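Undergrad: Here you go, one structure.
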Amino acid sequence: PKGVLCSFDKDFLAVPQEALISTMEQNQKFFPVLDHNGRLTERFVGVANIESNDVEEVRKGYERVIRPRFADAKFFFDEDLKQGIVAMASGLGDVTYQQKLGSYADKSLRVANLAQSIAEQLGADAEQARSAAKLAKADLQSRMVGEFPELQGIAGRYYASAAGLAAEVASAIDEAYRPRFAGDAIAESKLGRVLAVADRLDTLAGAMAIGTRPTGNKDPFGLRRNALGLARTLIEGGLDLDLGELLTRALKAQPVEAAPEVGKYLEEFVLERLRSYYEEQGVSGAQFDAVRAVDFGSLPDFDKRVKAVREFAKLSAAQTLAAANKRIRNILKKAEDEIPATVDPELLSETPERTLHQAVEAAIKATDPYLAQRNYVGALKHMAFLREPVDEFFQHVMVMDDNLPVRRNRLALLKRLADRFSAVAEIGLISAG
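Numbering (our numbering), first residue to last: 3 to 435.
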């Protein structure tokens with residue numbers, strides 16, 4: 003194989019480089035040549051399967067093949083510029099998104115309403131969010147996207163810029179599609195993240211409202227990919243938003259009324275997409291389930307808890323305390339007594355239970371600031387110091403004592419201990435036993 007350096011007319015560089023690169027790579031298997039800023043140059047490399055005696059003829063052949071494809075791309079782009087992105091958007095009412103969910107214009111309006119409210123929550127520009135959302139699907143009407151479907155959003159960015167719209171709006175139209183594939187980065191800008199979240203919320207809510215569920219390898223709306231993209235954007239973008247509330251809002255905006263159980267199913271569906279995401283980060287299924295078992299505020303909060311449990315599991319005290327927590331939860335579950343809300347120190351007769359009570363109260367006081375700051379790693383590491391008093395308690399104290407007040411008091415002590423751990427995660431679930 004022999005590389006042959008070729009060139010094309012510089013005028014074609016006025017066309018979006020993504021279209022030219024796609025043509026070179028997908029249609030002709032040529033290599034585009036970029037400058038040090040990542041911008042396409044007028045050079046490309048073709049590869050001959052032999053070392054030709056007349057390289058010049060090979061070069062001319064490659065350049066001759068590429069020219070009509072570039073000319074088509076330029077024609078599409080120029081015609082789209084004549085129409086303009088606003089005119090494209092006005093035609094979305096005639097394009098069906100889904101029979102029960104309306105047109106692309108209907109979807110764009112729903113996304114715009116979501117994007118505006120999310121932007122207001124996050125302190126982003128709500129008007130820009132609304133504007134970007136209403137234009138985000140406009141390029142589906144373009145000749146360029148008709149020829150290069152992979153340029154959805156990318157083409158819209160060029161048309162928005164050409165129309166003189168704010169750079170933030172133009173970028174958000176493109177970034178709304180990110181992550182586009184596994185391993186792709188999320189949207190860079192806050193406005194792009196707002197739009198990415200709003201669009202995926204509407205897609206997921208609409209599909210679930212009409213009863214669509216992915217089965218096997220069939221996923222017509224790309225729901226698994228959209229759910230993971232939504233979750234990643236919320237987590238990696240640090241968007242401290244309540245997932246359940248977002249999904250409820252998106253479901254209420256649909257033209258089809260969803261069944262009551264859909265909201266919970268949809269939230270579980272999104273969370274389950276994160277299992278493999280965290281497995282790649284060294285989080286076990288048990289550690290993941292330990293966090294899912296407790297209430298959490300948002301997905302960034304969920305992320306902090308998962309990573310804290312992963313770090314806690316590395317400590318020497320982790321398995322002992324996890325087993326103790328599992329034992330405590332089983333005791334509390336089986337207990338038929340009413341458990342007091344507080345521990346009565348006067349009823350603590352055994353030294354190990356007094357020691358544990360003092361240690362638990364000290365740990366609660368010490369970890370309150372950690373929990374307030376969502377420093378779950380710090381909280382769990384501090385709780386690890388309870389291993390010794392917990393061991394001593396179970397070795398020497400009979401929890402289910404015949405004396406009712408004593409028994410209830412001991413149950414209250416164990417509940418106070420378990421509840422402090424579950425302020426982060428259900429630690430008992432990571433027990434190997």
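Here a beta-carbon is modelled for each residue, glycine too, at the ideal position from N, C-alpha and C. Quick caveat: nothing in here was measured; it's all calculated off a predicted structure.
Is L197 closer than 7 Å to A117 when the C-beta atoms are compared?
TA: Yes, the pair counts as a contact, with Cβ atoms nearer than the cut-off.
Undergrad: Compute the Euclidean distance between the alpha carbons of A178 and T235, then round it to the nearest angstrom.
TA: Straight-line Cα distance between these residues: approximately 10 Å.
Undergrad: Three or more C-beta pairs closer than 8 Å, one from the stretch 84-91 and one from the stretch 131-147: is that the case here?
TA: The answer is yes - the stretch 131-147 touches the stretch 84-91, with three or more Cβ pairs under 8 Å.
Undergrad: Based on DSSP bridge pairs, tell me the residues matched to L4.
TA: In the sequence as displayed, the identity of residue 4 is Lys instead of Leu. A50.
Undergrad: Would the stretch 281-293 count as touching the stretch 242-256 if we require 3 or more Cβ pairs under 8 Å?
TA: Too few Cβ pairs lie closer than 8 Å, so no.
Undergrad: Which same chain residues end up closer than 6 Å to V272 when comparing Cβ atoms and leaving out the 5 residues on each side of it in sequence?
TA: A229 and A233.
Undergrad: Return the CA-CA distance between S163 and L124, expressed in angstroms with no decimal places.
TA: Answer to the nearest angstrom: the Cα atoms are 25 Å apart.
Undergrad: In whole angstroms, what separates the C-alpha of V49 from that of A288?
TA: The straight-line gap from Cα to Cα measures roughly 51 Å.
Undergrad: Spell out a yes or no on whether the stretch 373-381 and the stretch 419-428 are touching, meaning 3 or more CB-CB pairs, one atom from each, closer than 8 Å.
TA: Yes, they touch.
Undergrad: Tell me, which residues are paired with R45 by DSSP?
TA: Answer by DSSP bridge pairing, in chain order: S9.
Undergrad: Start and end of the beta strand (DSSP E) containing P34?
TA: Its beta strand (DSSP E) spans residues F33 to L36.
Undergrad: Considering only their Cβ atoms, is the gap separating A187 from R195 smaller than 7 Å?
TA: No, the Cβ-Cβ distance between R195 and A187 is not below 7 Å.
Undergrad: Could you give the distance in angstroms between the alpha-carbon of F314 and the alpha-carbon of I429?
TA: Roughly 9 Å between the two C-alpha positions.
Undergrad: By alpha-carbon positions, which one of C8, T25, L15 and L83 ends up nearest to E58?
TA: The candidate whose alpha carbon is nearest that of E58 is C8.
Undergrad: Would DSSP call Y440 helix, strand or coil?
TA: The structure shown does not extend to residue 440, since the chain spans only 3 to 435, so no value can be given for it.
Undergrad: Using 8 Å as the cut-off, can you tell me whether the stretch 379-389 makes contact with the stretch 314-333, which would need three or more C-beta pairs spanning the two stretches below that distance?
TA: Yes, since at least three Cβ pairs between the stretch 379-389 and the stretch 314-333 fall closer than 8 Å, the two stretches touch.
Undergrad: Using 8 Å for Cβ pairs, my map puts L94 next to A114. What's the rounded Cβ distance?
TA: Not really, about 12 Å apart at Cβ, beyond 8 Å.
Undergrad: Taking DSSP as the reference, what is the three-state secondary structure of S105?
TA: S105 falls in the strand class under three-state DSSP.
Undergrad: For E81, which of S173, D346 and D141 has the nearest alpha-carbon?
TA: Of S173, D346 and D141, the residue nearest in Cα terms is D141.
Undergrad: By how many angstroms is the C-alpha of V47 removed from the C-alpha of G5?
TA: Near 6 Å, if we compare the C-alpha coordinates of V47 and G5.
Undergrad: Quick one: grab the DSSP three-state call for Y64.
TA: Three-state DSSP puts Y64 in a helix.
Undergrad: Alpha carbons only, please: which of P302, N411 and E238 is nearest the one belonging to G185?
TA: Taking only the C-alpha atoms, the option nearest G185 is E238.
Undergrad: Below 8 Å on the Cβ atoms is my contact criterion, and I expect F150 with A21 to pass it. Report the Cβ-Cβ distance as a whole number of Å.
TA: Contact holds; Cβ gap of about 5 Å.
Undergrad: Roughly how many angstroms separate the alpha carbons of G246 and H398, rounded to a whole number?
TA: Computed Cα separation, rounded: 45 Å.
Undergrad: Tell me which residues share the same chain as V153 and place their Cβ nearer than 8 Å to its Cβ, disregarding the 5 neighbours each side in the sequence.
TA: Rather than Val, the amino acid found at residue 153 in this sequence is Leu. Cβ neighbours of L153 beyond the five flanking positions: P18, E20, A21, S24, D141, M146 and V147.
Undergrad: Tell me the rounded alpha-carbon separation between S351 and L276.
TA: Approximately 47 Å between the Cα atoms of the pair.
Undergrad: Under 7 Å Cβ to Cβ from F181, same chain only, skipping five residues before and after it: list those, please.
TA: Looking at the sequence shown, residue 181 is not Phe but Pro. Only A187, I188, G231 and R234 meet the Cβ criterion.
Undergrad: So for K309, helix, strand or coil by DSSP?
TA: Helix, per DSSP.
Undergrad: Sort out for me which residues DSSP pairs K220 with in a bridge.
TA: According to DSSP, which records beta bridges pairwise, K220 is partnered with T217.
Undergrad: Can you check DSSP and say which residues form a bridge with T98?
TA: Answer by DSSP bridge pairing, in chain order: S105.
Undergrad: What span of residues does the alpha helix (DSSP H) with R389 cover, start to end?
TA: From DSSP, the alpha helix (DSSP H) with R389 extends over R389 to H398.
Undergrad: Per DSSP, what kind of secondary structure is Q130 in: helix, strand or coil?
TA: Three-state result, Q130: helix.
Undergrad: If you draw a straight line from the alpha carbon of L334 to that of V199, how long is it in whole angstroms?
TA: Their backbone Cα atoms lie some 41 Å apart in a straight line.
Undergrad: Can at least three beta-carbon pairs, one atom from the stretch 257-265 and one from the stretch 297-304, be found at a separation below 8 Å?
TA: Short answer: they don't touch.
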